[in-house]
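Just so you know, the sequences run in chain order A and B.
Residues in the first sequence are numbered consecutively from 0, following numbering that gives the first Met the number 0.
Residues in the second sequence are numbered consecutively from 0, following numbering that gives the first Met the number 0.
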Amino acid sequence: MIKKIYSENTIVWLTYIIIVIGLLLQFGASNTVETHQIFLKQIVWVIAGTIIFLFLRKFDYRNWQKLSLPLYIFFILLLMAVLVIGYGPAKRWIHIAGPIDFQPSEFFKIVFILILAKYFSSKSAEKLPVFLGGIILAGIPAFLILKEPNLGTCLLFIIIFFSLAYIAGAKKKHIFTILLIAVLISPFLWMGLKKYQRERLVVFLAPWKNPLGMGYNLLQSKIAIGSGGLLGTGYMKGTQTELSFLPAYHTDFIFCVLSEQFGLIGVIVFILIYLWFLERIAKIAFTTQDNFAKLVSSGILILFFLQIFINIGMASGILPVAGIPLPFVSYGGSSILASFIEISIIYNISRNSALF
Amino acid sequence: MENRIKFINTFIIIVILGLILRFVYLQIIKYSFYSNLAKKNAIRTIQIGIPRGEIFDRNSRVLAKDHADFNLVFSPYNIKNPQREAKILSPIIGMKDSDLVKILSQTTENPFYRKILKLNISKAEMSKIEEYAYYLPGIYIQLGINRDYPLGKASAQLLGYTGEVSQQQLDQMAGQGLKPGDYIGQYGLEEEYNQYLMGKPEGYEVEVNALGQQIQVLHKTKIIPGDNLYLTVDKSLQKICYNALKGWKEGAIVAMNPNNGQILALVSKPAFNPDDIAKYLQPPYSNGNPFLDRVISGQFPPASIFKIITATAGLEDGYIGEHDKINCPATIKIGNSIFHNWDPINLGWIDIDTAFPISNDIFFAKLGLRIGIKNLLGWAKLFGVGSPTGIDLPGEASGHIPSNNYGPERENVNISIGQGSILMTPLQIARELSIVANGGQVWQPYIVKKIVSPDGRNIQRFYPVLQRTVFISNRTLEILRRDLTNVVAWPNGTGYSAYVPGLQIAGKTGTAETGPRHLNLPLRGAFACFTPVNHPSIVLVVYLDYAPSSWFAAGIAGKILKEYFLPSIANSQNTNSETKIKQLEEYNPNNPYAKNTAERIIKRMKNKNLK
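Rendered as structure tokens:
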């Protein structure tokens, strides 16, 4: 019993360790008013997230099972609304009231996991119709998000779907057949991509071709990381990020700030903390006996993993630039709040499974 | 299910640990490579711009030239709080807070796109901005190329100005290698010859910002500057002409070589200041439109200057002989209306030599009736009325010539004296005078003599173009030149205020009404002349909007010609209107009407309370 409580709290403590590191990086990113404001705003978001966590951790996760369908429908409508009234460079933002804007797809990630968990926990994924039904369930929002256009998040959803279907017991044969079909029609998808999305993929393949154009972000982030070396340039002493050579260093490229200022040692320590954090979630996915809870925690595990992997992979140049935030670190209210909700659900599952 | 979770979890652990390998590669193996890149170039490349071609006058004196300056630029992508930054910046650079907010609030998706906020900032501004740099993210000081116009306002309409290319222009000039933010010629010669002046955007100047404070040019790649223009314009005459308009709000002056159509000076007022163009680009204009080049785009009734054409038509087609006299009372009845001479005086029977210098309206009205409107308009067309001259400047107007089927005699009379629906640009008037000066040749006016590449190769050379020749007999030319000379030489001539001792000037005044006479609106005064009479080297047209009489235009022309041809006398002798009045008062005329005319002019000038 004591061990279990310890296990629930570990995930919370780890979350806050990551948040504190993130805030230090936000503060140290550059010495400008902008940075200081972002730092303060991020603190406000963390406080808001904490309040949400304090409420939601006591909210029985089984209620989510009942809520998942209405939420799913609500968010599908919301995604459609974003396509009509959304704004921003890509239509990802929706204006609520006053200064609050939010990105519905961040929250939809949770709903997506909940609806799939509910669907696969009540039916046998081994059957082809069930599997195909899941594809439709997942395909509708994935398509809407692709139209926003947000290619990165759309791919994220597709991977989450296949992983959850796999965990739920879908036949490998079915999964591979569908993937094969996807590969075959991908040339047509390429035609459907927006120009900037194609450019990003091309740049990813050959960043040196145009070092001052689209390849710039990628090259600059690699320079920032590479010049950090083993020990780093020291906190708040990075030239690349401090001088703002790197765009979006508060959001997509925040990991470069860490790499440049704390070097490889810092990177390893931070990645290991993240791994520890992921393994706590994995442990909960093993321990819980409820299929729904198992699928939800696996989904959240995969979601966190993908966000971490894509963001760091993108910064270090092994993945294309995709605009995926680093959980609890990248600046942004929607991302922070959504991550806190995910942690609340995990916490509640962990607490309830301890009672079995 | 557990197994499958386990499988996925193992995969996660491997991938996450694998990420570390990537960082080992970047931060250990490639460390020296990337840290060198970071130190060496801190890649921030900015295109400073390609120097535009220079513009020189006929004596190779500079009229427009690029020079390096520090500009204040901003990157819309990095400006998150325009209000706050505008508040700090506005007292430093002296721009209105609200204007700044508007400018800084622009958005762009390209993080490296920069726009110019203020050109050529001073050292004091620079140090202040550096001081507040912490509060001004997205604002930078950047080395740039600015354009210098040594004559400033005096050459505004002639040379034009350069400005950022608009989206519309980008679409129009697709394929010329232009990108947003480039500067192109927007007016005058800068616009007309932009493709030569612009240079080729084939290279970048690479600029390095090592510590984010000082900008240093480390490395230049190949740049091909624009071609240089050599003009027919004389810089000193251009300046003299602009200064001569001092005190007049609106006016225009053009000087041309009548023997080949080379433009020597072209001035229009009000003018814009090409160094501070933003201020002028916002209508409404308080003093007329500075972007209207009155020399080529202003269309006005030529008034009495048209009498040159009426006289030519009459003499050439035999409607009047050299010594034929016409009865000229103060008024005549035409149809149902009374037609007045400008000067209410009964002169009796006079010939053209008497009528022309004092610009008698009755004489030319009666002559015009004899010639007939159709024939008269035919001659007007030969003199180029109603057709653009073809000068190499954008926006030339063609003036207006009425169609042949005009019925009433009154219209015939009006056209004979250059009123009514006839409209000419000052440049067309200069062409009209040139025809008399050179004996019938119609030259196409032009400004650019040659285009020379930066390495000195002649790209293009422009030669005079003879458009056509108007046949005018020597006898008629002789009469016209004699009478035109007397316009200026006779103290009772309408252009006597242009008289310059030692210079033989042949000219004609034209005073046009801007509305019905009883409204007592200000008049428009013009004076067109050439000199020296026997071997003309210059045709000069002075045009004044809202002048009480052409007398003042003639005075300005005389002043310009004196300063240009006889600079030593111009500086020593005092020749203001008062001495002119004195000369007129002392004049004892040979013929009985001259005294009367002189007195009327004096009275008129005194009534206007002009010095």
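For each residue, glycine too, the CB sits at the ideal point set by N, CA and C.
If you're wondering where the values come from, they're calculated on a predicted model, not measured in any experiment.
Alpha carbon to alpha carbon, what distance is there between residue j and residue i?
i: residue 588 (chain B); j: residue 492 (chain B); result: With a pLDDT of only 41 at residue 588 (chain B), under 50, the local geometry of the prediction cannot be trusted, and no value is derived from it.
i: residue 323 (chain A); j: residue 292 (chain B); result: 57 Å
i: residue 338 (chain A); j: residue 49 (chain A); result: 11 Å
i: residue 135 (chain A); j: residue 154 (chain A); result: 15 Å
i: residue 380 (chain B); j: residue 275 (chain B); result: 41 Å
i: residue 235 (chain A); j: residue 138 (chain B); result: 22 Å
i: residue 253 (chain B); j: residue 77 (chain B); result: 49 Å
i: residue 251 (chain B); j: residue 289 (chain B); result: 12 Å
i: residue 522 (chain B); j: residue 509 (chain B); result: 10 Å
i: residue 146 (chain A); j: residue 105 (chain B); result: 26 Å
i: residue 258 (chain B); j: residue 71 (chain B); result: 48 Å
i: residue 173 (chain B); j: residue 166 (chain B); result: 10 Å
i: residue 448 (chain B); j: residue 460 (chain B); result: 6 Å
i: residue 614 (chain B); j: residue 445 (chain B); result: The shown model of chain B, from 0 to 610, leaves out residue 614 (chain B), and the question about it has no answer.
i: residue 30 (chain B); j: residue 22 (chain B); result: 10 Å
i: residue 584 (chain B); j: residue 96 (chain B); result: The predicted position of residue 584 (chain B) is uncertain, since its pLDDT is 45 and thus under 50; a value taken from the coordinates is nonetheless stated next. Roughly 60 Å separates the two Cα atoms.
i: residue 75 (chain A); j: residue 223 (chain B); result: 56 Å
i: residue 184 (chain A); j: residue 52 (chain A); result: 42 Å
i: residue 214 (chain B); j: residue 326 (chain A); result: A caution first: residue 214 (chain B) carries a pLDDT of 37, below 50, which makes its placement in the model too unreliable to give a value.
i: residue 25 (chain A); j: residue 259 (chain A); result: 13 Å
Is residue i buried or exposed, if buried means 16 or more other CB atoms sit within 10 Å of its CB?
i: residue 152 (chain A); result: buried
i: residue 63 (chain A); result: buried
i: residue 268 (chain B); result: buried
i: residue 288 (chain A); result: exposed
i: residue 163 (chain A); result: buried
i: residue 402 (chain B); result: exposed
i: residue 90 (chain B); result: exposed
i: residue 330 (chain B); result: exposed
i: residue 149 (chain A); result: buried
i: residue 79 (chain A); result: exposed
i: residue 329 (chain A); result: buried
i: residue 199 (chain B); result: exposed
i: residue 442 (chain B); result: buried
i: residue 232 (chain A); result: buried
i: residue 181 (chain B); result: buried
i: residue 277 (chain B); result: exposed
i: residue 426 (chain B); result: buried
i: residue 181 (chain A); result: exposed
Rounded C-beta distance between residue i and residue j? I'm assuming under 8 Å.
i: residue 333 (chain B); j: residue 382 (chain B); result: About 24 Å separates the two Cβ atoms, so there is no contact after all.
i: residue 299 (chain B); j: residue 511 (chain B); result: 6 Å
i: residue 294 (chain A); j: residue 119 (chain A); result: 6 Å
i: residue 158 (chain B); j: residue 189 (chain B); result: 6 Å
i: residue 16 (chain A); j: residue 272 (chain A); result: 6 Å
i: residue 366 (chain B); j: residue 325 (chain B); result: 7 Å
i: residue 271 (chain B); j: residue 152 (chain B); result: 7 Å
i: residue 400 (chain B); j: residue 412 (chain B); result: The pair is not a contact, with the Cβ atoms about 16 Å apart (cut-off 8 Å).
i: residue 303 (chain A); j: residue 13 (chain A); result: Contact doesn't hold; Cβ gap of about 11 Å is too wide.
i: residue 307 (chain B); j: residue 479 (chain B); result: 7 Å
*Listed from N- to C-terminal order along the chain, which residues in the stretch 261-295 of chain A have their beta-carbon within a distance smaller than 8 Å of any beta-carbon of chain B?*
262, 263, 266, 267, 270, 273, 274, 277, 278, 281, 284, 285, 290 and 293
_chain B contacts made by the stretch 300-328 of chain A, where a contact means CB separation under 9 Å_ = 300, 301, 304, 307, 308, 311, 312, 315, 316 and 317
*Going along the chain, which residues of the stretch 74-97 of chain B sit with their C-beta nearer than 9 Å to a C-beta in chain A?*
76, 77, 79, 80 and 83
*In chain order, what residues of the stretch 164-179 of chain A put their CB closer than 8 Å to some CB of chain B?*
165, 166, 167 and 168
*Entirely enclosed beta strand (DSSP E) segments - the stretch 38-99 of chain B, minimum 3 residues*: 61-73
*Given a limit of 8 Å on CB to CB distance, which residues of the stretch 7-36 of chain B reach chain A?*
Listed by position, the residues of the stretch 7-36 of chain B near chain A (Cβ gap below 8 Å) are 7, 8, 11, 12, 14, 15, 16, 18, 19, 21, 22, 23, 25, 26, 27, 29, 30, 32, 33, 34 and 36.
*Relative to chain A, which residues along the stretch 119-148 of chain B have a C-beta separation below 7 Å, given in chain order?*
133, 134 and 136
*Using a Cβ-Cβ cut-off of less than 7 Å, give me the residues of the stretch 220-233 of chain A that come near chain B, in sequence order.*
Listed by position, the residues of the stretch 220-233 of chain A near chain B (Cβ gap below 7 Å) are 221, 222, 224, 225, 226, 227, 228 and 229.
*May I have a chain-ordered list of the beta strand (DSSP E) segments no shorter than 3 residues that lie completely inside the stretch 131-166 of chain B?*
138-147 and 161-163
*Check each residue of the stretch 151-163 of chain A: if its Cβ is closer than 7 Å to any Cβ of chain B, include it; give the result in chain order.*
162
_Within the stretch 219-280 of chain B, ranges of the alpha helix (DSSP H) (whole runs, at least 4 residues)_ = 234-243 and 276-279
_In chain order, what are the residue ranges of uninterrupted alpha helix (DSSP H) at least 4 long that sit wholly in the stretch 446-508 of chain B?_
473-488
*At 3 residues or longer, and completely inside the stretch 308-377 of chain B: list those beta strand (DSSP E) runs for me, N to C.*
DSSP runs (the beta strand (DSSP E)) wholly in the stretch 308-377 of chain B: 324-327, 330-333, 336-339 and 347-350.
*asked:* Tell me which residues of the stretch 117-144 of chain A have at least one Cβ-Cβ distance to chain B shorter than 7 Å, keeping chain order.
replied: none
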